[in-house]
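Engineer: The numbering of the sequence shown is the numbering used here, which starts it at 3 and goes up by one.
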Amino acid sequence: MNYQRIIRILVAFLVFLGIVLIFNLFADFIGEKSPTGPVKIFSWLCGSIIAFKIFETMNKDDEEKSGE
3 MNYQRIIRIL VAFLVFLGIV LIFNLFADFI GEKSPTGPVK IFSWLCGSII
53 AFKIFETMNK DDEEKSGE
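1) Could you check whether residue 41 and residue 29 sit closer than 8 Å to each other, using their CB atoms as the reference points?
2) Taking a contact to mean a Cβ-Cβ separation below 8 Å, would you say residue 45 touches residue 26 in this structure?
3) Which residues mark the beginning and the end of the alpha helix (DSSP H) in which residue 26 is found?
4) Assign residue 40 to one of three DSSP states: helix, strand, or coil.
5) Under three-state DSSP, which class holds residue 62?
6) Mapping the DSSP letters down to three states, classify residue 35 as helix, strand or coil.
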């Protein structure tokens with residue numbers, strides 16, 4: 003089993019959850035109650051993009067290390 007890949011997926015998922023939770027707290031603070039409000043949708047988009055970029059970066063780093 004490829005444990006490094008599982009760790010990369012878990013790190014990206016935790017980053018995604020962290021971003022979404024922070025934005026949701028901010029949305030609750032400003033009074034947004036709708037689950038489809040603009041701040042919450044923006045949080046899902048930002049979280050997804052950033053988590054994907056982190057996953058890609060970690061993959062590239064591992065590929066460079068294995069190529070040396």
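Ideal Cβ positions, reconstructed from N, Cα and C, are used throughout, including at glycine.
Structural biologist: The relevant details are as follows:
1) Translated into positions along the sequence shown, residue 29 becomes position 27. Translated into positions along the sequence shown, residue 41 becomes position 39. Taking C-beta atoms as the reference points, residue 29 and residue 41 count as a pair closer than 8 Å.
2) The sequence position of residue 45 within the sequence shown is 43, counting from 1. The sequence position of residue 26 within the sequence shown is 24, counting from 1. The answer is yes: Cβ separation under 8 Å.
3) Taking the first residue of the sequence shown as position 1, residue 26 is located at position 24. If you look at residue 26, you'll find it in the alpha helix (DSSP H) that goes 5-31.
4) As a position in the sequence shown, residue 40 is number 38, starting the count at 1. Reduced to three states, the DSSP call for residue 40 is helix.
5) If you number the sequence shown from 1, residue 62 lands on position 60. Helix at residue 62.
6) Here the question's residue 35 lines up with position 33 in the sequence shown. Looking at residue 35 - three-state DSSP - the assignment turns out to be coil, as it is neither helix nor strand.
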